[in-house]
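Numbering (full-length UniProt numbering), first residue to last: 1 to 1043.
Every residue gets a Cβ at the ideal spot worked out from N, C-alpha and C, and that includes glycine.
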Amino acid sequence: MALAIHKILISESVDAVCKNILEQNGIEVVARNQMAKNELLAEIKDYDGLIVRSGTKVTADVINAAKNLKIIGRAGVGVDNVDVNASTRNGIIVMNTPNGNTLSAAELTCAMILCLARQIPQGTASMRAGKWDRKKFMGVELFGKTLGIVGLGRIGKEVATRMQSFGMKTIGYDPIVPAEVAATFGVDFMSLPQLWPLCDFITVHTPLVPATKGLLNTESFAKCKKGVKVINCARGGIIDEEALLQALESGQCGGAGLDVFGEEPPKNTALVNHPNVVSCPHLGASTHEAQRRCGEDIANQIVDVVKGKALVGAVNAQALTSAMDLETKPWIQLGEALGVMGQALAGKVNDQMKVKVTTLGESLRTAKNYLTSAVMVGLLKGASENYVNLINAPLFGKEAGLSITSQHRDSFPESATGALSLEISTPGASYKLLGSVQGNVPVMLGLDGARLAQAVLLKGNLLIYKAESNPQTVLSVGEMAVQGDDEYSYEFKDSCHSMEFLDAFKEFYLNGLFADITLQCVSGQLFHCHKAALAACSTYFKIMFTADMKEKGNKVIKLPGVDHSILEALVCYVYTSEVVITEKNVQSLLEAADLLQFISVKKACEDFLARHLDVDNCLGMHSFGEFHVCTDLEKESRRMILSRFEEVSRQDEFLELSKDKLFFILSRDNLNVWKEDVLLEAIVKWIAYDVKNRIECVEELLRYIDVDLDELYLRTALELHGRRLLTSNIKMRSLKCHILKEKQNNLNPLSWKPTCNMFIVGGYYWHPLSEVHVWNPLTNSWIQGSQMPDHTRESYSVSALGAHIYVTGGYRSDNLEALDTVWIYNAERDDWTEGSPMLNARYYHCSITMSGCVYAMGGYTGGAPNQEAEFYDPLKKRWIPIANMLKGVGNATACVLRDVIYVIGGHYGYRGSSTYDKIQSYTSDLNEWTIVTITPHPEYGLCSVGLYDKLYLVGGQTTITECYDPEKNQWRQIAQMNERRMESGALVMNGCIYVTGGYSYSKGTYLQSIEKYDPEQDSWEIVGNLPSAMRSHGCVSVYNVSS
C-alpha cells in the first residue's frame, strides 16, 4: 500500500539534505523558514505533506485547513507541537525520527554529568570575572560512582555505554525494556524504589506522559542519597521543578543539569540562576550531525511510504506498519468490502454492536491489526460524517461505542492465501461473513455459516436476496437483475474443480472404471490406469501415447526395470498427488521417476537426498546426482566435498574413487585445502588403497601439490608398505616427513583461493540495520546484497545452511514484541523469502545448522529465558520441537562439533538476572541434553566456533580467548584478542577464526574492525573493516560453488 504524496511544505529550517532526497524521488518541495501561523493556515491547503521541527505549532485549526494533507513529518523526536489527536481524526499520518538526535542528546547528557562532577561552567564564569578560586570548585571523580538511568531506550542505552568508559556503575529502570536487554549494554535493572538510594547521579530519558510527569518529586528526592546530582535532557516536567529547587536549597540535591523546562523559555529563572545548576536552552538536538540525520531520516521515511516500502516512525498509524507491501492492497480492499457488507446487514455502528475479526492462515499472521482497521473503515463508511481511513477508523469506532476484538488462527486449509472472517452481533441478530483474495481480487466465500459454491467477487453492486428455496422465485430475481442488459455475461470458475476432478479419477482407478491402459511391473503385477491421467503427470507416457511409437497401440505396457512397490507409489501419485519418500525407497523411486519422467517426483526425491547430505555420503550422492542429472543434488554435494575436503578424504568411500573423479576434485579452483600435507595424505591414502593399479598416477597427482617432493622415495614407500599406510598414523607421518625436501619441512599454507565469502546480515548501530554485506577475502572487497524485508527488528539469530541464510526471531525495536518470524536469504540469487514461523517466539537465542536442519534454542520470551528448543526441516518446511534444554538461557552462544550441539553460557533466572557458567550439549540421536563442563570465565556476549574438533570462545567483555577439547575435557587459554568485543560476529573461514565488529566494553564504542586468529601461529591480527561499525549482526560464510 503506497501513499500518493506529490507536494510537501517544509515550514521551518531543516537540513538541505531533506529537500534534496524528496526532490530526487519526484516530490515537489516548497521550503520556507519560520512561517507565521496565518501564513501556514493560508497555504497548507495546497500540500499533501508537511515537515516541521519544534517551532511550528501544528494545531487543530491548521490540520482542519489542510484539506489534502496526508502526512506530517517531525524532523526530531518529540511531537508535542503537533495535535496528534486532530491529525488522527483527519486520517493524517504523524511520524517522527526517533533515531535522529540519539547521539547528540546522549552526548549532551554526558557533558552535563561531567560539568556537574567538575563544576566546569562555574569555574569558567569565575575566571571571566577575574578570579582564581581553585578551592571553591572542588569536584568529584566519576570512577566508581553509580549512575541511575530512568528510561533505557536508545538515548539511555548510549549514555550508559559512554559513562561506563569512565568507570561508572550503571543501574536503571524502564517499564518496557526487559532486564536481559538492559544487561546486554551493562545496566543492572532494578525498580525505582531500589534505584533512588543507590545513585550518585540520576539522568532521565523518558517521554512526558501522565505516568512520568513529576517522576522526580519531593517524595523521590527524600529517598535519594544526600547530594545526588540529577540531569534532564529529555522533557521538561519529568522533574518537578519546585521540588528540585527545594532539594537544591536543602542540599539534598547537590546539582542539576537541565536542558529542558516545563515552560520554555522559563519565566521563573530561580532554577537557572541557582549556583549548582548547569542549564542550556534545549540544545539536545542542536548539532549539525543531528539536524542532518533528522532531515535525512524524515525524507527517507516519507519516500518509503510513497513507494509502499515501509512505514517507520509512525506515531498514530501503527496499523499501517505491516500494510505497506503491494500485496496487502487487495486484502485491505477485502476488509473494507466485508465491513461495508456488514454495515448493510447489521445496520449503522452503535454501542450495542459487537464485532469480531479473525485472520486465518499463516500468510496473514502479521495482518491482524491493519485488516481490523480495514473492516472498521467499511463498517463506518457512509455512516460517519468524517472521511474514514485506516488511520482514524479505530478512533471513530471507539467514539461510536463499537466493541471490536481480533484474533488470528494459523489453520485454514481451504485456501493457500488465507481468509478473513467477520462476525457481527447485535441485539436479536448475528451475521458472519468469510472472504479471501483470489488473483488479487477480494471475494466472498461464505455468509452466515454457509459456504458458497462459487466465490463471489466483492466489487460493484451486490444483490443479496434471502428467500425460501423456490427456484422460480430465484429465476425471476435473476431475470429482474439482467433486464435491459443485452451484454450481460457471467464468467464462472470453480475453485474446487481441480481437486474434484482428481478425486473422480481416483475413484475411477480404485473401481476399475474407464481404464484404457495397463502397466506391468518387473514382478508381473498389473495396474489398470487411464492414459489421460498418466500423460498429464509423465512426459514419458505423454510422448508414448501421442507420438508414433510402437507402444501406442499396446493394451499392456511392460516396465521391466521398475519394482512393484515403486510403480505402485508412482501410480498412487498420479491419482492422489501424493507419494511417500523414505530412506529405503528414495533411490529406486528417483531412478524410476527419472526413467518415466515424473519430473515433480524426481525433484522431491532429489530434495530428500539433499536434506540427508553429509560428509560420509556426499561422494556417492555427487555421482548419483551427476548420473541422473539432479543439478541441485550435484551442486550441494559438490559444495560439501570441496568445502570439507579434509573430512571427506578420511571416509572409506574416498578410497574407492575413480581416478577421473579424484582428478576432478583436485582440479577445482575452490577446493578448500589450506595445508599441503592434507592434500599429500589424501593422495597417498588413495594410491595405497590399490597400489598395483594406481602407482602410475603418482606423477600426475603430485602436480596438484605445490611443494618439491621426493617422488622416488614416495613410490618406493607405497610399493613397500601398501595398505598398511592406511592404518598406521606413525608410518604416514614418517612418510610425509621423508618425502618432503628439507626446505619444505615447515609447510606454508596453500596459495589464497576464492573458496567462500563472509556474509554480514543486519546488526545494530544506534538503530537496527537491515543491510546484507558480502566480503570477498580474495580481493578484500565488499558488495551489498538485498536488504532484509523486516527493517524494525533486532536481537535475532542468523545461521547458514548451504546457500541459504536463516534469520530467526528477534524483537520489534519499537515495542519489544518477541517474534517467531523467519526470513531466508538465498546467497546465490540475492533474494529473500519468508519461511515458516518458529513454534516459539524468541530473541537473544542461539541458532545453528546441523545435519541439513536449522536449530533454534533458548532465548527470551516475555522477559524470562525459555528452555524450549526446536529444529526446522527445510524439506518438510516446518519446525519440530526437541527435548527442552536443562537450563533456559538467553544471550548464550552455540556451535557444532562432530554432530553435537554445544550451548555455552548466557543469562538465566527471571529477566536474565544471573550468568550461567556451564556448557549444555545436545545429541540428536538420543534427543538428550547433558552438562559437559564449566566455562573458566562465565560471561555473556560471547561467540563460539568449532575448528579442528575443538571449541573456541571469543569476544565478550574481555580479550581472553579459550579453547576447549571435548575429547580430553580440557580448557586452555590461547592468544588474547586485540579488542574487547561484546555481541560481535564470529566464523571459521579458510582454516582461521574471524571475529567481526561488536561493542568495546572498555572504549564505550561500536567496533568496525575484523580480527583473524591463525591457530598455527596462535596469533590475532586486524585484517580489515566492516562497511560500518556494528554489533548483534549475523556473521556466516557461504561456500562458493561454480556452475
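Residues bridged to residue 28 [DSSP beta-bridge criterion]
7
Taking all protein chains shown into account, do 16 or more other C-beta atoms lie within 10 angstroms of the C-beta of residue 300, making it buried, or fewer, making it exposed?
buried
In whole angstroms, what separates the C-alpha of residue 850 from that of residue 382?
Here the alpha carbon of residue 850 sits roughly 58 angstroms from the alpha carbon of residue 382.
Taking only runs of the beta strand (DSSP E) that begin and end inside the stretch 871 to 920, which ones reach a length of at least 3 residues, in chain order?
Within the stretch 871 to 920, the runs of beta strand (DSSP E) at least 3 residues long that lie entirely inside it are, in chain order, 878 to 882, 893 to 897, 900 to 904.
Buried versus exposed, by CB contacts within 10 Å (16 or more), residue 387:
exposed
For residue 292, which residues of its own chain have a beta-carbon under 8 angstroms away from its beta-carbon, when the five flanking residues on both sides are left out?
15, 17
Per DSSP, which one or two residues make a beta bridge with residue 74?
52, 96
Closest Cα partner of residue 112 within the set 144, 163, 179:
Nearest to residue 112 by C-alpha distance, out of 144, 163, 179, is 163.
On the DSSP bridge list, what partners appear for residue 423?
356, 432
The ligand SAH and residue 640: does any heavy atom of the ligand fall closer than 7 angstroms to the residue's C-beta?
Absence of the ligand SAH from the depicted structure is noted, as is the absence of any ligand whatsoever, leaving it without description.
Since residue 1046 sits in a beta bridge, which residues does DSSP pair it with?
Lying before the first or after the last residue shown, residue 1046 is absent from the chain, which here runs from 1 to 1043.
May I ask which residues mark the beginning and end of the alpha helix (DSSP H) holding residue 499?
497 to 510
Using C-beta distances below 6 angstroms, list every residue in its chain close to residue 13, excluding the 5 sequence neighbours before and after it, in chain order.
For residue 13, the CB contacts under 6 angstroms within the same chain, skipping 5 residues up- and downstream, are 33 in chain order.
Report the CB separation of residue 83 from residue 68 in whole angstroms; it is logged as a contact under 8 angstroms.
Between residue 68 and residue 83 the Cβ distance is about 18 angstroms, and since that is not below 8 angstroms, they are no contact.
Nearest-angstrom Cα distance between residue 244 and residue 789?
47 angstroms
As assigned by DSSP and simplified to three states, the class of residue 668
coil
What are the residues that DSSP puts in a beta bridge with residue 227?
Bridge partners of residue 227: none, in fact.
Taking the straight line between their C-alpha atoms, what separation do you get for residue 252 and residue 187?
25 angstroms
What do you get for residue 1112, buried or exposed, if any count of 16 or more other CB atoms within 10 angstroms of its CB means buried?
There is simply no residue 1112 to check, as the chain begins at 1 and stops at 1043 in what is shown.
My output table needs one value for residue 744: the three-state DSSP class, helix, strand or coil.
The predicted model places residue 744 with a pLDDT of 44, which falls under 50 and marks its position as unreliable; any figure quoted below should be read in that light. Per DSSP, reduced to three states, the secondary structure at residue 744 is helical.
What is the residue span of the beta strand (DSSP E) that residue 773 lies within?
768 to 776
Strand pairing of residue 942, partner residues [DSSP]
Here residue 942 is bridged, per DSSP, to 955.
Supposed close pair residue 983, residue 994 - CB separation, criterion 8 angstroms:
Not confirmed; about 16 angstroms, so no contact.
Which of the three DSSP states is assigned to residue 628 in this structure?
coil
Residue 791, DSSP secondary structure in three states
coil
Can you tell me where the beta strand (DSSP E) holding residue 971 begins and where it ends?
First-last of the beta strand (DSSP E) with residue 971: 970 to 974.
Can you have a look at residue 492 and say buried or exposed, based on whether 16 or more other CB atoms are within 10 angstroms of its CB?
Exposed.
Distance CB(residue 180)-CB(residue 765) smaller than 8 angstroms:
no
Extent of the continuous alpha helix (DSSP H) run through residue 693
691 to 694
Should the stretch 553 to 565 be regarded as contacting the stretch 604 to 620, the criterion being three or more beta carbon pairs within less than 8 angstroms?
Counting Cβ pairs under 8 angstroms, fewer than three are found: no touch.
If we require 4 or more residues per run, which alpha helix (DSSP H) segments fall completely within the stretch 270 to 358?
288 to 306, 329 to 346
Who are the Cβ neighbours of residue 597 in its own chain at under 6 angstroms, not counting the five residues just before and after it?
538, 539, 540
Can you list, in chain order, the residues of its chain whose CB lies under 6 angstroms from that of residue 745, leaving out five sequence neighbours each side?
With a pLDDT of only 43 at residue 745, under the threshold of 50, the placement of this residue in the model should not be trusted, and no figure is reported.
Bridge partners for residue 438 per DSSP, in chain order?
441
My output table needs one value for residue 1009: the three-state DSSP class, helix, strand or coil.
strand
With DSSP as the reference, please indicate the residues paired to residue 763 in a beta bridge.
769
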